[in-house]
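Chemist: Per this note's numbering, the very first residue in the sequence shown carries number 14; after that it's consecutive. Before I ask anything, let me first share the structure, which is written out below as structure tokens.
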Amino acid sequence: MAGRPTKQGIDYFPMDVGFFTDVKIRKISRACGSQSTSILICLLCNIYKDEGYYILWDEDLPFVIADTVGVSEGAVKEVLIKSLQVGFFDQKLYEKYKILTSSGIQKRFLLATYQRKETTIIPEYLINCANNSINCTINSINHSDNEQSKSKVKVNRKKRKEKENNKETSPNGEEKKDELSLSHSQKIDWVGLMNWYNSLFRDKLPAIKSMTETRKKAVKARIAQYGKESIRTVFNLVLQSSFLLGGNDHNWKCDFDWIFKQANYTKILEGNYNGKRADTATTRRESVSRLKQLAGAILQGAESKKD
14 MAGRPTKQGI DYFPMDVGFF TDVKIRKISR ACGSQSTSIL ICLLCNIYKD EGYYILWDED
74 LPFVIADTVG VSEGAVKEVL IKSLQVGFFD QKLYEKYKIL TSSGIQKRFL LATYQRKETT
134 IIPEYLINCA NNSINCTINS INHSDNEQSK SKVKVNRKKR KEKENNKETS PNGEEKKDEL
194 SLSHSQKIDW VGLMNWYNSL FRDKLPAIKS MTETRKKAVK ARIAQYGKES IRTVFNLVLQ
254 SSFLLGGNDH NWKCDFDWIF KQANYTKILE GNYNGKRADT ATTRRESVSR LKQLAGAILQ
314 GAESKKD
């Protein structure tokens, strides 16, 4: 008879009395509204309840949180973006594995479960500061290779759970190939993106010579916000905008870096640069001329009444 499955999550977690006055929480609340705190608490509950120290951000999670709290999925996604920006969740682990976690979350989970005989930990998901803290404060738990530690903490390095990455395995249970980047993050062909941009905007916008780390970071941030397909949409909208391609008073043209700045990228998607921009010197002169004509007509009419 099979034994009961080992419990992974925890039944409750401590909440600091200064939660609502924390600078990160205040920044998120200021940017996303008062409902953001309910969204964050719901996310924390799901993290601690299921895996205990992280949760996978997939297409279902925004719906689950939105349905529980009574908000829109868009509001949940907005809170996620701001949470990553202020450091409430770890940005690097989110970009690499599409998981939500933090040093504080991991410390609280490891401290709450240190007496368990077995806890499954994925070492790649641990943040260094949390790992160091647990090694310093709890001598009975460490991630060395001796048999005693293996009986206390089950470090599963060879197999990820199917819901996280669906890796293929050989008959003996070993992975055929490490495809973590394909499973947990958006795979980006940087050279292909650069060549596509240069080809699409040839003789229209300045070409780029390399994908710098700054550019990669900006592209990843926009993909995290709007998805990979948004790049195609944005590029097409830029192609249709005479203003962005130099049709303005200053002969100014946008470039790759300008396009992928957060505010500019959003404005392009929202259609702010569709068609011709009306704010040009010619249109301003025409407007002033019309106003003068109108004022003259009004004055002329007033004088006629006096006569």
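Beta carbons are placed, not taken as given, at the ideal position from N, Cα and C, and that holds for glycine. Quick caveat, the model's predicted, so the values are computed rather than measured.
In its own chain, which residues sit with a C-beta less than 6 Å from the C-beta of residue 281, not counting the 5 before and 5 after it?
Modeler: Walking along the sequence shown from the start, residue 281 turns up at place 268. Excluding positions up to five away in sequence, the list reads 247 and 250.
Chemist: Roughly how many whole angstroms lie between the Cα atoms of residue 217 and residue 259?
Modeler: Within the sequence shown, numbered from 1, the residue matching residue 217 stands at position 204. Within the sequence shown, numbered from 1, the residue matching residue 259 stands at position 246. When rounded, the distance between both Cα atoms is 8 Å.
Chemist: Can you list, in chain order, the residues of its chain with a C-beta nearer than 7 Å to that of residue 203? Leave out the 5 residues immediately preceding and following it.
Modeler: Reading the sequence shown from its first residue, position 190 is the one you call residue 203. So the qualifying residues of the chain are 224 and 229.
Chemist: Following the continuous alpha helix (DSSP H) through residue 55, name the residue where it begins and the one where it ends.
Modeler: As a working mapping, residue 55 is identified with position 42 in the sequence shown. From DSSP, the alpha helix (DSSP H) with residue 55 extends over 48–62.
Chemist: Who pairs with residue 113 in a beta bridge, going by DSSP?
Modeler: Locating residue 113 in the sequence shown gives position 100, counting from the first residue. 68, per the DSSP bridge assignment.
Chemist: Is residue 28 helix, strand or coil by DSSP?
Modeler: On the sequence shown, residue 28 is found 15 positions in, with the first residue counted as 1. Three-state DSSP puts residue 28 in coil, outside helix and strand.
Chemist: Buried or exposed: which applies to residue 195, given that a residue is buried once 16 or more other Cβ atoms fall within 10 Å of its Cβ?
Modeler: Sequence index remark: in the sequence shown, residue 195 carries index 182 (1-based). Bear in mind that a pLDDT of 28 at residue 195, under 50, signals an unreliable position, so the model cannot answer this.
Chemist: Is the beta carbon of residue 26 less than 8 Å from the beta carbon of residue 74?
Modeler: As a first step, residue 26 is located in the sequence shown; it is residue number 13 there, counting from the start. As a first step, residue 74 is located in the sequence shown; it is residue number 61 there, counting from the start. Going by C-beta atoms, residue 26 is not nearer than 8 Å to residue 74.
Chemist: Work out the CA separation of residue 220 and residue 53 for me, nearest whole Å.
Modeler: Sequence index remark: in the sequence shown, residue 53 carries index 40 (1-based). Sequence index remark: in the sequence shown, residue 220 carries index 207 (1-based). About 42 Å.
Chemist: Are there 16 or more other CB atoms within 10 angstroms of the CB of residue 70, so buried, or fewer, so exposed?
Modeler: In the sequence shown, residue 70 corresponds to position 57, counting from 1. Buried.
Chemist: How big is the Cα-Cα spacing for residue 22 and residue 29?
Modeler: Along the sequence shown, read from residue 1 onward, the residue named residue 22 stands at position 9. Along the sequence shown, read from residue 1 onward, the residue named residue 29 stands at position 16. In a straight line, the C-alpha of residue 22 is about 19 Å away from that of residue 29.
Chemist: Mind the definition here: the stretch 93–104 touches the stretch 35–48 only if three or more C-beta pairs lie below 8 Å; say whether that holds.
Modeler: Yes, the stretch 93–104 is in contact with the stretch 35–48.
Chemist: Determine, using beta-carbon pairs with one atom in the stretch 123–141 and one in the stretch 259–272, whether at least three such pairs fall under 8 Å.
Modeler: Output reads no: the stretch 259–272 does not touch the stretch 123–141.
Chemist: When you compare the stretch 76–87 with the stretch 106–126, are there three or more beta-carbon pairs, one atom per stretch, that lie closer than 8 Å?
Modeler: No, they do not touch.
Chemist: Relative to the C-alpha of residue 222, which candidate in 207, 232 and 231 has its C-alpha closest?
Modeler: Taking the first residue of the sequence shown as 1, we reach residue 222 at position 209. The option with the nearest alpha carbon to residue 222 is 207.
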